[in-house]
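The sequence shown begins at 8 in the working numbering and counts up by one. What follows is a set of notes on a single structure, which appears directly below.
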Amino acid sequence: MNKMLLTEAKLFLRDPAGPIFAVMLPVVLLLALGQIPGYREALPELGGERIVDTQLPGMMAILAVVTMALTVLPATLVTYRESGVLRRMSTTPVSPVRLLVAQVANNLAVAIVATVLLIGLGYLVLGSVPPRSPLAFAGVFVLGTASMLGLGLLIAAVAPNAKVAPGIGSLLMFPLLFMAGMWIPRELMPDLVRRIGDFLPMAPFADALRDTWAGHAPQPLHLAVMTVTVLVTGGLAARFFRWE
8 MNKMLLTEAK LFLRDPAGPI FAVMLPVVLL LALGQIPGYR EALPELGGER IVDTQLPGMM
68 AILAVVTMAL TVLPATLVTY RESGVLRRMS TTPVSPVRLL VAQVANNLAV AIVATVLLIG
128 LGYLVLGSVP PRSPLAFAGV FVLGTASMLG LGLLIAAVAP NAKVAPGIGS LLMFPLLFMA
188 GMWIPRELMP DLVRRIGDFL PMAPFADALR DTWAGHAPQP LHLAVMTVTV LVTGGLAARF
248 FRWE
């Protein structure tokens, strides 16, 4: 298994465009938002917090994790299927499942790097405090990332080819971005829109990160939605995934 992880990591880094984009996009956006005066002012409707502080945890969930999970991961796996890599592996003692595990591990590693970078830059450049409940934050991060990767595996299972896979991911990603408060803080959204977002996987992920970042316990509903997403997408991906 270790050899498989190392091999896939080397292949992953030979075409670093996707990982670099996933890391740099939230960093650039964070620094850009930090230069907007209104984003650095405390707002009463946000409980006296700055927009940039409330958006920072969501940026990690929405951009670093989701970009990898919904575009890079499905495209890679579908390409492997089209090129016959999965079919050839199925005839060897090495289980193709190990390849999936290695791909998930690579994507998770990129998400962790982006998250650590954002926390550090947020503290050094914008004066944002690190997560006040680091263990709870880490637990939510793992669960939320698993839910996003589950969506990515499901896309890889149903996408007909490597060109369509990232397109499906993008079609899912942008509505979920909005519902999770990427452009407008969820606190400023109408109640109905916010309530709908509570039952979609990305908004609970972002909100749970914000809660643990502030030192609060995540809402049970948000944890339940992410857990159900992991179970449902994982089950469907296993049911429909084609090795050739």
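Even glycine gets a Cβ: it sits at the ideal position worked out from N, Cα and C. Bear in mind the structure is a predicted one, so any value in this text is a computation, not a measurement.
Hey, out of Val79, Tyr130, Leu107 and Val111, whose CA is closest to Leu38's CA?
Numbered from its first residue, the sequence shown carries residue 38 at position 31. Cα-wise, what sits closest to Leu38 is Tyr130.
Considering Thr234, what are the terminal residues of the alpha helix (DSSP H) in which it resides?
Sequence index remark: in the sequence shown, residue 234 carries index 227 (1-based). Run containing Thr234: Pro227 to Phe247, per the alpha helix (DSSP H) assignment.
How many Å lie between Leu228 and Thr83 at the Cα?
Along the sequence shown, one-based indexing puts residue 228 at 221. Along the sequence shown, one-based indexing puts residue 83 at 76. So the alpha carbons of these two residues sit roughly 32 Å apart.
Can you say whether Ser262 is buried or exposed, counting buried as having 16 or more other CB atoms within 10 angstroms of its CB?
With the chain represented from 8 up to 251, any question about residue 262 goes unanswered, as that position is not in the structure.
Based on the DSSP output, what are the partners of Arg193 in its beta bridges?
To locate residue 193, count along the sequence shown from 1; it is residue 186. Its beta-bridge partners do not exist; DSSP assigns none.
I'd like the span of the alpha helix (DSSP H) that includes Arg202, first residue to last.
If you number the sequence shown from 1, residue 202 lands on position 195. Unbroken alpha helix (DSSP H) run through Arg202: Asp198 to Asp205.
How far does the alpha helix (DSSP H) with Gly134 in it reach, from first residue to last?
On the sequence shown, position 127 is the one that residue 134 refers to. Gly134 -> no alpha helix (DSSP H), and no H or E assigned at all.
When we look at the beta-carbon of Thr74 and count the other beta-carbons within 10 Å, is it buried (16 or more) or exposed?
As a first step, residue 74 is located in the sequence shown; it is residue number 67 there, counting from the start. Burial call: buried.
What does the alpha-carbon distance come out to for the pair Ser140 and Leu70?
Position 133 of the sequence shown, counted from the start, is the residue given in the question as residue 140. Position 63 of the sequence shown, counted from the start, is the residue given in the question as residue 70. The alpha-carbon atoms of Ser140 and Leu70 are separated by roughly 22 Å.
Report the option in Ala109, Ala76, Ala231 and Arg217 whose CA atom is closest to the CA atom of Phe28.
For this step, residue 28 is matched to residue 21 along the sequence shown. Phe28 has its Cα closest to that of Ala76, out of Ala109, Ala76, Ala231 and Arg217.
Going by C-alpha distance, which of Asn168, Ile119 and Val72 is nearest Val85?
Here residue 85 refers to the residue found at position 78 when the sequence shown is read from its first residue. Ranking the options by Cα distance to Val85, first place goes to Asn168.
Grab the span of the alpha helix (DSSP H) containing Pro141 for me, first residue to last.
The residue you call residue 141 lines up with position 134 of the sequence shown. Here the alpha helix (DSSP H) through Pro141 covers Pro141 to Val165.
Can you check whether the CB of Ile126 is closer than 8 Å to the CB of Pro137?
For the purposes of this step, residue 137 is identified with residue 130 of the sequence shown, where counting begins at 1. For the purposes of this step, residue 126 is identified with residue 119 of the sequence shown, where counting begins at 1. Cβ distance < 8 Å, so Pro137 and Ile126 count as in contact.
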